[in-house]
Amino acid sequence: MLISERKPIGEILSYVESDQSILLIGCNGCAQGWGSGGERQVAEMKNTLQEKGKTVTGSLVVDMLCDSTLTKLKLRSYKKEIAGTDAILVLTDGAGVQTVAELVSKAVYPGCNTLSSGGAHAEWKESERCLECGDCMLGFTGGLCPIARCSKHLLNGPCGGSQAGKCEVDASIPCVWQLIYERFAQLGQLDRLEKLVQPKNWSVSLLSGPPVRRFR
Amino acid sequence: MKTKSNLERVLEARQFAVTGELGPPQSADREVIRRKARLLKGYVDACNVTDGQTAVVRMASWAACLIAGEEGLDPIAQMTCRDRNRIALQMDILGIAALGINNVLCLTGDHQKFGNHPTAKGVYDLDSIQLVQVVKGMRDEKKLQCGEVMAVEPHLFIGAAENPFADPVQFRAARLAKKVATGADFIQTQIVYNVERFAEWMKMVRDRGLHERVKILAGVAPIKSVGAARYMKTKVPGMDVPDSVIARLQGVPKEQVPKEGIRLCVDIINQVREIDGVAGVHVMAIEWEEVVPEVLEAARLLPRPKSVI
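Which chain is which? The protein sequence lines are A and B, in order. The first sequence begins at 1 in my numbering and counts up by one. The second sequence begins at 217 in my numbering and counts up by one.
Okay, structure coming up:
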């Protein structure tokens with residue numbers, strides 16, 4: 001069970017500032033259970049975005065968004081909506097956001113912060129995609145996590161040890177900043193990498209100790 | 217002048233600057249620092265003092281800076297984000313400024329996996345770019361990262377590093393732009409052996425006008441042996457040693473390789489000096505400090521402007 005909660009609306013709007021149309025995706029798994037990205041929250045977000053003048057090109061809730069195969073099948077029937085949208089907002093934990101980012105060539109943003117895996121990881125058994133940092137950075141990095149996948153948790157670009165797409169720590173690890181760069185290049189959004197990302201709030205991370213607040 | 221840094225003074229006078237590098241010992245032996253400092257004194261405008269280079273435990277940079285300063289060098293305290301969070305980094309910034317150190321070099325740091333404590337927890341609370349921003353805010357706005365205001369600010373000349381040979385290559389100038397925008401005064405690059413690729417990077421830097429906003433010092437280093445060249449090529453992250461460099465060293469009898477390594481370094485200094493926007497060189501003769509005068513003499517970079525330290 002991945003435990004997540006919705007990000008503040010101001011932060012979400014800052015991600016989609018230059019996007020007019022938005023496709024909404026929620027998850028009927030953990031996010032439904034935690035009330036962060038089920039049917040109800042997706043409908044609420046649709047209203048909020050419309051009130052803020054955005055066009056919602058569609059909304060869907062997938063049963064297990066972190067399951068790449070299931071999600072791929074489901075997204076097939078939304079080809080038109082995906083093609084016609086500026087950005088996709090995903091209301092669930094970091095694993096679900098990264099599943100969508102991997103499957104579509106569109107800007108994908110997180111609508112939630114992942115607080116904890118509740119002791120177990122979801123469908124990403126062989127590669128860690130979410131460290132439950134509680135302050136999701138995927139909105140700055142094209143839907144690829146620099147906390148879980150960069151050996152130095154860098155927020156402003158690759159270190160000097162990134163060569164030929166590999167991490168300096170181990171040649172079997174892809175440099176996630178190379179992947180982030182390629183993704184923004186593909187989306188024509190390299191300008192997003194010019195913006196300074198501020199120091200992160202680590203106080204909400206489990207790495208800073210036991211949770212200081214009850215999840216609910 | 218923002219600071220009392222000798223390096224800042226040389227660069228502001230638009231003189232071609234030379235910095236050196238000093239690695240503190242893996243012990244409490246202050247004589248090692250004194251000896252290395254004496255080898256470099258008078259030949260460099262300022263000298264980097266490394267901060268746990270390659271993630272190996274060595275004497276703290278600030279302490280070694282103090283000893284090097286007593287010998288008459290203008291030390292540049294290297295500071296990595298690997299071992300300290302934002303609290304410790306800011307405490308050390310205040311500390312080095314109070315000790316009379318004039319320069320700081322903000323680095324992310326070599327990953328702990330490469331050192332002698334590979335099971336250590338890496339910190340990386342800030343990245344090097346954010347650290348530049350924090351030091352700049354402390355110096356120019358008297359503000360800590362949290363926003364609180366201090367009474368006496370740290371007057372530090374702020375440096376950062378860039379590696380023109382790391383990937384993605386198209387992003388390296390953009391990354392430099394972030395360091396300049398956040399407040400870096402000077403940049404030292406990774407060691408240049410591939411001059412062609414360095415020149416391409418400098419073109420991207422000039423296209424963004426960055427060379428007019430920050431002083432760029434090209435990293436250079438003499439090579440002692442063919443083995444050392446091969447090691448750098450294959451084992452050191454972020455290095456680009458072309459085959460032509462190894463071939464050149466192999467092309468002379470073994471006993472002449474060190475001399476050829478020095479000549480190669482001089483040639484590279486002469487080449488990078490011709491590139492528009494290069495404001496100086498950073499000579500990294502690690503554990504071979506005694507050849508620095510010879511390299512600089514041959515490159516006609518001596519005598520240095522009289523130091524104010």
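C-beta atoms are modelled at their ideal positions from N, C-alpha and C, and glycine is treated no differently. Every value quoted in this text rests on a predicted model; they were computed, and no experiment measured them.
Would a C-beta distance cut-off of 9 Å place A:Leu65 and A:Gly111 closer than the cut-off? For A:Leu65 and A:Gly111, no; Cβs fall outside 9 Å.
Would you check if the distance between the CB atom of A:Thr4 and the CB atom of A:Asn156 is smaller than 9 Å? First, the residue type needs correcting, since residue 4 of chain A is Ser and not Thr in the sequence shown. In this structure, A:Asn156 does not lie closer than 9 Å to A:Ser4 by Cβ.
Buried or exposed for B:Lys522, please, with buried defined as at least 16 other CB atoms from any protein chain shown within 10 angstroms of its CB. By the neighbour-count rule (16 or more Cβ atoms within 10 Å), B:Lys522 is not buried but exposed.
In chain B, which residues lie less than 7 Å from A:Tyr181 when you measure between Cβ atoms? Annotation: Cβ neighbours of A:Tyr181 in chain B (cutoff 7 Å, chain order): Pro384 and Phe387.
According to DSSP, which residues form a beta bridge with B:Cys322? Answer by DSSP bridge pairing, in chain order: B:Met295 and B:Ala376.
Distance CB(A:Leu91)-CB(A:Ala31) smaller than 9 Å: Yes, the Cβ-Cβ distance between A:Leu91 and A:Ala31 is below 9 Å.
So, for B:Met217: in the same chain, excluding its five sequence neighbours on each side, which residues have a beta-carbon less than 8 Å away from its beta-carbon? These residues qualify, in order along the chain: Glu224, Arg225 and Glu228.
Under the assumption that B:Ile317 contacts B:Ala336 (Cβ atoms under 8 Å), give the Cβ distance between them as a whole number of angstroms. So it is not a contact: roughly 26 Å between Cβ atoms.
A:Val204 and A:Asp135 closer than 9 Å at C-beta: Yes; because the gap between Cβ atoms is below 9 Å, this pair is in contact.
CB contact flag (A:Ala107, A:Asp19, <9 Å): It is a contact, given that the beta carbons lie within the stated cut-off.
Contact with chain B by A:Ser151, beta-carbon distance below 9 Å: It does: the Cβ of A:Ser151 has a partner Cβ on chain B nearer than 9 Å.
Between the beta-carbon of A:Ser284 and the beta-carbon of A:Glu132, is there less than 9 Å? With chain A covering 1 to 216 only, the question about residue 284 of chain A has no answer from this structure.
Euclidean distance between Cα positions of A:Ala87 and A:Tyr109: The straight-line gap from Cα to Cα measures roughly 8 Å.
Does any residue of chain B bring its CB to less than 9 Å from the CB of A:Leu233? No answer is possible for residue 233 of chain A: the residues shown for chain A start at 1 and end at 216.
Out of A:Cys27, A:Gly139 and A:Pro158, which one is the CA nearest neighbour of A:Ser59? Measuring from the Cα of A:Ser59, the nearest candidate turns out to be A:Cys27.
Work out the CA separation of B:Ser221 and B:Pro380 for me, nearest whole Å. Taking the straight line joining both Cα atoms gives about 26 Å.
Across the segment 33-45 of chain A and the segment 142-162 of chain A, are there enough close Cβ pairs to call them in contact, namely three or more that are closer than 8 Å? Touching, no.
Helix, strand or coil, according to DSSP, for B:Val408 in the structure here? The answer is coil: DSSP assigns B:Val408 none of H, G, I, E or B.
Would you identify the three-state DSSP class for A:Val42, choosing helix, strand or coil? Reduced to three states, the DSSP call for A:Val42 is helix.
Using only CA atoms, which one of B:Ala253, B:Ala262, B:Glu247 and B:Asp245 lies nearest to B:Phe232? Considering only alpha carbons, the answer is B:Ala262.
Using only the alpha-carbon positions, how far apart do B:Val442 and B:Val461 sit? Straight-line spacing of the CA atoms in B:Val442 and B:Val461 works out to 9 Å.
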